[in-house]
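Right, one structure below, let's go through it.
Residue numbers (the numbering used here): -18 to 114.
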C-alpha cells in the first residue's frame, strides 16, 4: 500500500492459509501531511498545476502571519472522546487525545517528546513511577 507522496506503508503479520480476506483500518502516522499530499494529488489529477513543497503546518511559528483557513472541523466534546478511549478502547482517539493534551503544554517535535508527556503528567498528579503502563 502506498500513501500519497510516496510514503510506503508496510503491513505485516500471519494469517492461516486459505482464510478469508480481512479488512483492516490503520492509523496514519502524520494525518495532516497525508491530507496535504492527497489534496495535491487530487488537484493534479484534475489538471491543476501545483508548485512548491507539500508540508503540514499546525500553527504559525512565532512572528509568522496567520494562515488562511481553508476548512474547519469541530471535534466531538471531550467527554465523548474520553468515553471512546476508556469504554470502547479506540486507539486512534487515544493517540489524538494524548497529542492534544501534550500540545497544551507546548510544542513537541518527536515521538520521544510525546512519550515523555504521560510520565510528566503522572508525576505531577502524584502517581508513582511504574504504577501506570
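No residue lacks a Cβ here, since even glycine has one placed at the ideal position from N, Cα and C.
Taking only the alpha-carbon atoms, compute the straight-line gap between residue 51 and residue 18 and give it to the nearest angstrom.
15 Å
How would you call residue 106, buried or exposed, if buried means at least 16 neighbouring beta carbons within 10 angstroms?
exposed
Would you please state the rounded distance, in angstroms, between the beta carbons of residue 8 and residue 76? I believe it to be under 8 Å.
7 Å
Here's the rule I'm using: 16 or more other beta-carbon atoms within 10 Å means buried, otherwise exposed. How should residue 13 be labelled?
exposed
Output needed for residue 56: all residues of its chain with C-beta closer than 8 Å, excluding positions within five of it in sequence on either side, in chain order.
62
Best match in -1, -2, 3 for proximity to residue -8 [C-alpha to C-alpha]:
3
Buried or exposed by the 16-neighbour rule on C-beta atoms within 10 Å, applied to residue 83:
Classified as buried, residue 83 has 16 or more neighbouring CB atoms from the shown chains inside 10 Å of its CB.
Distance CB(residue 74)-CB(residue 66) smaller than 9 Å:
Yes, these two residues count as a Cβ contact at 9 Å.
Below 8 Å CB to CB, which residues in the same chain sit around residue 110 once its five sequence neighbours on both sides are set aside?
100, 103, 104
If you draw a straight line from the C-alpha of residue 113 to the C-alpha of residue 25, how long is it?
One Cα belongs to residue 113, the other to residue 25, and the distance between them is close to 48 Å.
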